[in-house]
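Trainee:
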Amino acid sequence: MNSKKRVQKHSKFNIKFYSVALYAKFFVFTCLLGFISLSTLSVDNLLLIPTAYAAQGISHTVNYQGKLMDAVGTPVVDGSYNMRFVIYDASSGGSQLWSASTTNGLPTGTVASFPITVTSGLFSILLGDVSDGQVAFPDNIFNNDSLYLGITIGSDSEMTPRKRLSAVPYAFNSETLQGQYASNT
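Residue numbers (numbering that gives the first Met the number 0): 0 to 184.
#1: What's the C-alpha gap between Q95 and A89?
#2: Around the Cβ of R163, are there at least 16 other Cβ atoms within 10 angstroms (buried) or fewer (exposed)?
#3: Which ranges would you report for the beta strand (DSSP E) in the segment 70 to 145 if only whole runs of at least 3 residues count?
#4: Is M158 helix, strand or coil when you go by DSSP?
#5: Given a threshold of 16 other Cβ atoms within 10 Å of its Cβ, counted over all protein chains shown, does M158 qualify as buried or as exposed?
#6: Should V129 go down as buried or exposed, given a rule of 16 or more other Cβ atoms within 10 Å for buried?
#7: Verify whether the separation of the beta carbon atoms of V117 and L67 is less than 8 Å.
#8: Might you give, ordered along the chain, the residues of its own chain that have their beta carbon closer than 8 Å to the beta carbon of S165, omitting 5 neighbours on each side?
#9: Excluding five sequence neighbours on each side, which residues of the same chain lie with their C-beta closer than 7 Å to the C-beta of T102?
#10: How big is the Cα-Cα spacing for P74 and S123?
#11: Grab me the residues of P106's own chain with a C-beta within less than 6 Å of its C-beta, minus the 5 sequence neighbours each way, in chain order.
#12: Thinking G153 and Y80 are a contact (beta carbons under 8 Å), I'd like their distance in whole angstroms, please.
#13: By how many angstroms is the C-alpha of M82 removed from the C-alpha of I115?
#14: For A70, is the classification buried or exposed, using 16 other Cβ atoms within 10 angstroms of its Cβ as the cut-off for buried?
#15: Cα separation between F113 and N142?
#16: Closest to G93 by C-alpha separation, out of L146, D155, I150, T151, would be which residue?
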């Protein structure tokens with residue numbers, strides 16, 4: 000009988016020990032998971048504040064295509080033509096906000112000509128393409144309500160009227176939320 004009590008007492012001890020050990024393991028595991036989760040979360044995520052993420056690698060260029068014709072409406076001769084592309088904040092007059100090529104490499108510097116290949120009167124250019132030697136667009140240029148593209152060919156005066164830029168270049172502003180990048184959060 001004495002041995003029966005001893006076995007019963009011993010098995011109660013084992014059950015209590017295993018229960019405590021199991022709870023301790025669960026507690027440690029839960030704490031580790033919580034620590035790992037907290038180390039990857041920001042305060043915004045803990046407070047359930049939605050975070051906006053911007054697309055990476057958006058090309059900051061604007062495709063512009065045109066057709067050059069002479070005074071009687073015939074396409075100009077194939078070749079390379081020196082052109083100037085300038086973005087203004089007004090349909091006439093106004094301030095220069097950007098130029099494809101400048102003498103000092105700054106968007107608002109002295110405008111310089113840029114050689115463009117014309118075939119059958121047609122030309123195409125990616126405005127703001129720095130890999131092509133152009134000046135990059137300033138970060139905030141597409142925050143303006145109205146932008147106009149002025150084009151000059153050779154030594155002629157600027158073509159009129161200036162071309163108003165449509166909504167597509169304004170999508171560059173959607174990369175940020177009014178200048179705030181997702182990495183700023």
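Using N, Cα and C, we set each Cβ at its ideal position, and we do this for glycine too.
Quick caveat: nothing in here was measured; it's all calculated off a predicted structure.
Mentor: On the basis of the coordinates in this document:
#1: 9 Å
#2: exposed
#3: 78 to 87, 95 to 98, 113 to 117, 121 to 126
#4: coil
#5: exposed
#6: exposed
#7: yes
#8: none
#9: G108, T109, A111
#10: Here the alpha carbons of S123 and P74 stand approximately 15 Å from one another.
#11: W97, V134, P137
#12: 6 Å
#13: Whole-angstrom Cα-Cα distance: 7 Å.
#14: exposed
#15: When rounded, the distance between both Cα atoms is 26 Å.
#16: L146
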